[in-house]
Amino acid sequence: MKYNAMVGQSGGPTAAINATLAGVIRGAFANDEIDKIYGLQHGAEGLINKKFTLLNDVFKTDEDLTLLELTPAAALGSCRLKLPKYEEKPETYTDIFATLAEMNVKYFFYIGGNDSMDMVHKLSSYAAKVNSDIRFVGVPKTVDNDLMGTDHTPGYGSAAKYVATTLQEIVRDCAVYTTKAVTIVEVMGRDAGWLTASAALPRLIGTGAPDLVYMPEVDFNLEEFYEDVEKEFAIKPNLTIAVCEGIRFADGTYVGEGAQSGVRDTFGHKYLSGTAKYLTELVKEKFGCKVRAVDLNLPQRCAAHIGSLTDIEESVALGKSAVGFAVSGKTGITMAYKRISTEPYKIEIGCEDVANVANKVYEVPRKFINERGNNVTDECLKHIAPLIQGETKVVYEKGMPVHFVIPK
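Counting from 1, position 55 in the sequence shown corresponds to residue 129 in my numbering; the numbering is continuous, with no gaps.
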């Protein structure tokens, strides 16, 4: 007897989340034990509200899936819905499992970050509780690169390539004048500074890197920041500084908290932004120089036109492997990359118990940050560099990139 599969996407999208989706679809299409594969419309919202798309009817050719791999954002739609605990709302679980049984779904794949892995953990735990044979597999994604259990996450390499390239261009632009000036560039990252660390990658080719880099792994000290700026000014008049949106003072307060709304999303996370703007105002007051704040914002996660080929190819492979692991009997797992070596770069695809991944944070190791805490080490850059290698072959029409859109 054949069974069906279901796949959803959740959380902030990336330039590679659809490549992972394409991998899951390819794996399902190629597996003799799977008949149909349904896509959740807007992740957990679609699961609860019974909104599905039959992907067998959407993807007719290999070219369709190849185009999906190069399409940014979440083609199925995403959400930020946190599944309640079973003890709080048991009917949510009975309804979900009734729906999955009705649709003959045996394999469930959820592509997302930390909070999405929490949902996989909750559903697989409930399945064990009620002796259900439905297999739940988490497939990671996040530009923050902050998931435990995996060497890196799909989406990070492409975002890092964009950040590094953009910082290199900003540094070039800022260096054309002799006027004393500071440009502070804000990079995404709530709890981990991996993406901000990638801003320093141009240093590997000897040019175009920011002068200072600040990340959440080291407490931010305002007086030391002023000292760092003054020291750099003694070398040159134009400074470029990369800061993570999640940098905090020693008391845990976000540096940019005064410039933020205080509003939280449905996961309970504060919306972060304004760190660069806040710091430029302080620099202007302290040094009386020209200042500029640049927030890279959404392009960090949706700039598919400059995606990393390594990232896209690995994401597809991870999605395919997720299907193989599920059909072989695995459940309650998160897919993972295992790094075998850096030079030459080599990985293997494996899995981790989702309980060891959900609601945990993979921070940048302290050894990857310099002693002062205002930049990253060369060892860190050599670790990140393999993830941005290669360029995708973007399909253009009338000068514009072509994207694959799943009809709702």
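Beta carbons: idealized from backbone N, C-alpha and C, even for Gly.
Which one of 148, 112, 204 has the shortest CA to CA distance from residue 131? Sorting 148, 112, 204 by C-alpha distance to the C-alpha of residue 131 places 112 at the top.
Give the DSSP-derived three-state secondary structure of residue 48 in the structure shown. Any property of residue 48 remains undetermined from this structure, which presents the chain solely from 75 to 482.
Got a sec? Which residues, its chain only, sit under 7 Å from residue 294 by beta carbon, not counting five neighbours each side? By the criterion of a C-beta distance shorter than 7 Å, residue 294 is surrounded in its chain by 288, 321, 322, 323, 329, once the five residues flanking it on both sides are discounted.
Rounded C-alpha distance that separates residue 443 from residue 77: Residue 443 and residue 77 have their C-alpha atoms some 49 Å from each other.
Can residue 349 and residue 316 be called in contact, C-beta distance under 7 Å? Result no, Cβ atoms of residue 349 and residue 316 do not sit closer than 7 Å.
State the Cα-Cα distance for the pair residue 471 and residue 477, rounded to the nearest angstrom. Approximately 10 Å between the Cα atoms of the pair.
Close-in-space but distant-in-sequence residues of the same chain around residue 343 (CB under 7 Å, 5 per side omitted): Its pLDDT being 49, under 50, residue 343 is placed unreliably by the model, and the measurement read from it follows with that caveat. Counting only Cβ-Cβ distances below 7 Å, and skipping sequence neighbours, we find 264.
Is it right to say residue 474 is buried, meaning 16 or more other beta carbons lie within 10 angstroms of its own, or is it exposed? Counting Cβ neighbours within 10 Å, residue 474 comes out exposed, since fewer than 16 surround it.
Measuring alpha carbon to alpha carbon, tell me which of 169, 176, 99 ends up nearest residue 129. The shortest Cα separation from residue 129 among 169, 176, 99 belongs to 99.
Complete beta strand (DSSP E) runs within the region 413-470 (minimum length 3 residues, chain order): Whole beta strand (DSSP E) segments, 3+ residues: 419-427.
Here's the rule I'm using: 16 or more other beta-carbon atoms within 10 Å means buried, otherwise exposed. How should residue 88 be labelled? Around the CB of residue 88, 16 or more other CB atoms lie within 10 Å, so the residue is classed as buried.
Output yes or no for whether 7 Å exceeds the beta carbon distance between residue 240 and residue 229. Pairing residue 240 with residue 229 gives a Cβ-Cβ distance that is not under 7 Å.
Among 278, 170, 459, 450, which residue has its Cα nearest to the Cα of residue 206? Here the closest residue by C-alpha is 170.
In chain order, what are the residue ranges of uninterrupted beta strand (DSSP E) at least 3 long that sit wholly in the region 191-261? If we require 3 residues or more, the beta strand (DSSP E) runs fully inside the region 191-261 come out as 209-214, 255-261.
Going by other Cβ atoms of all chains shown within 10 Å of its Cβ, with 16 needed for buried, is residue 372 buried or exposed? Counting other Cβ atoms within 10 Å of its Cβ, residue 372 stays below 16 and is therefore classed as exposed.
My output table needs one value for residue 335: the three-state DSSP class, helix, strand or coil. The predicted position of residue 335 is uncertain, since its pLDDT is 47 and thus under 50; a value taken from the coordinates is nonetheless stated next. Reduced to three states, the DSSP call for residue 335 is coil.
Residue span of the beta strand (DSSP E) that contains residue 358, given as start and end: No beta strand (DSSP E) contains residue 358, which is instead part of the alpha helix (DSSP H) from 349-361.
With distance defined between alpha-carbon atoms, name the residue in 242, 402, 292 nearest to residue 282. That would be 242, whose Cα lies nearest to the Cα of residue 282.
Taking just the CA atoms, how far does residue 218 sit from residue 104? Each residue's Cα considered, the two are about 31 Å apart.
Could you compute how far the alpha carbon of residue 235 sits from the alpha carbon of residue 466? The straight-line gap from Cα to Cα measures roughly 12 Å.
Can you give the beta carbon distance from residue 121 to residue 150, rounded, assuming they're within the 8 Å contact cut? In fact, because the Cβ distance is near 11 Å, the residues do not count as touching under 8 Å.
Counting C-beta neighbours from all protein chains within 10 Å, is the total for residue 256 16 or more, i.e. buried, or is it exposed? Around the CB of residue 256, 16 or more other CB atoms lie within 10 Å, so the residue is classed as buried.
Assign residue 204 to buried or exposed, taking buried as 16 or more other Cβ atoms, counted over all protein chains shown, within 10 Å of its Cβ. Its Cβ having fewer than 16 others within 10 Å, residue 204 is exposed.
Whole-angstrom C-beta distance between residue 237 and residue 272, which should lie under 8 Å: Contact check for residue 272 and residue 237: beta-carbon distance about 5 Å, within the 8 Å limit, so the pair qualifies.
Where does residue 172 land, buried or exposed, given buried means 16+ other C-beta within 10 angstroms? So residue 172 ends up on the exposed side.
When the Cα atoms are used, what is the spatial distance from residue 223 to residue 431? Answer to the nearest angstrom: the Cα atoms are 6 Å apart.
Which word fits residue 83, buried or exposed, when buried means at least 16 other C-beta atoms lie within 10 angstroms of its C-beta? When all chains shown are included, residue 83 counts as buried.
Leaving out five residues on either side along the sequence, give the residues of the same chain with a beta carbon under 6 Å from the beta carbon of residue 462. Here the set comprises 231, 234, 235, 382.
Local Cβ density within 10 Å of residue 209, reported as buried at 16 or more and exposed below that: With 16 or more other Cβ atoms within 10 Å, it is buried.
If you drop the 5 nearest sequence neighbours on each side, which residues of the same chain put their C-beta closer than 8 Å to that of residue 341? The predicted position of residue 341 is uncertain, since its pLDDT is 49 and thus under 50; a value taken from the coordinates is nonetheless stated next. These residues qualify, in order along the chain: 154, 156, 189.
What does the alpha-carbon distance come out to for the pair residue 469 and residue 261? Rounded to whole angstroms, residue 469 to residue 261 spans 28 Å at the Cα level.
Would you mind giving the Cβ-Cβ distance between residue 179 and residue 75, rounded to the nearest angstrom? I have them listed as a contact below 8 Å. No, residue 179 and residue 75 are not in contact; Cβ-Cβ is about 13 Å, not under 8 Å.
Residue 253 versus residue 318: straight-line alpha-carbon distance, rounded: When only Cα atoms are considered, residue 253 and residue 318 end up about 26 Å apart.
Do residue 411 and residue 485 come within 7 Å of each other at the CB atom, strictly closer than that value? Shown here, the chain extends from 75 to 482; a query on residue 485 therefore has no answer.
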